[in-house]
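**Student:** Residues 5 to 176 (the working numbering) make up the sequence shown, in order. Ideal placement from N, C-alpha and C gives every residue a C-beta, glycine not left out. These figures come from a predicted structure and were not determined experimentally.
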Amino acid sequence: MKLARREKLLIGGSGLILALFLIITQLVVPFFNSKDQLKKEAKELEQIIKEYNLTGAGGQDIESISGNLEKALAARGDEPLDSLINREINEIGITKNIPRMRPTEGKKQGNFIEDIVELPIEAVSLAQLTEFLYRIEKPEKFIYISRITIRDNKKEEGYLDATIRVLTYKRI
């Protein structure tokens, strides 16, 4: 079947229009739709992160828990966090396993500031580490473990190394 030049141009043009239509509907439009969807999801995640930063993991902001925090700080006294940790370390008997403690202050929230102590623990048994964690974290006194990293000790088999970040609040 032989086609005239006009018919060839008509079929070629129709094919080109069809190909252009398919490219636009299958590639270009979904690209922009997914780009808009990503922007929307990013804004939602940013909002969630902002709310999380304001409220913390407990779902309450510092102002709503400040009454409980005041009571906990009064019951705990003005003893610094590193002193409380030192007392527990001495009672457990792992003083030699902690080469240093790094006390720092975190962000200010209302009339309080975060009191943070980061301490590396070297060559402790699982039982010692568990007891230390159990004795250090005291939610009733607003003392929390905010981060922990545990790894095998390379020098002594059966022992662990850990880096622990303990967080509480103190009055400004």
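Return the first residue and the last residue of the alpha helix (DSSP H) that Ala-166 is part of.
**Tutor:** First-last for Ala-166: 164 to 175, but that is the beta strand (DSSP E), not the alpha helix (DSSP H).
**Student:** Locate the alpha helix (DSSP H) running through Glu-135, then write down its first and last residues.
**Tutor:** 130 to 140 is the span of the alpha helix (DSSP H), which, as asked, contains Glu-135.
**Student:** Flag this pair as touching only if the stretch 168 to 176 and the stretch 119 to 138 have three or more C-beta atom pairs under 8 Å; answer yes or no.
**Tutor:** Judged by Cβ distances under 8 Å, the stretch 168 to 176 makes contact with the stretch 119 to 138, as three or more pairs qualify.
**Student:** Let me make sure I understand the geometry here. Which of Glu-160, Arg-80, Asn-101 has the alpha-carbon closest to that of Gln-132?
**Tutor:** Of the listed residues, the one whose Cα sits closest to Gln-132 is Asn-101.
**Student:** Are Ile-149 and Glu-141 closer than 8 Å when you measure CB to CB?
**Tutor:** Taking 8 Å as the Cβ cut-off, Ile-149 and Glu-141 qualify as a contacting pair.
**Student:** Exposed or buried, which one is Asp-165 when buried takes at least 16 other CB atoms within 10 Å?
**Tutor:** When all chains shown are included, Asp-165 counts as buried.
**Student:** State the beta-bridge partners of Arg-155 as determined by DSSP.
**Tutor:** Answer is Asp-165, bridged to Arg-155.
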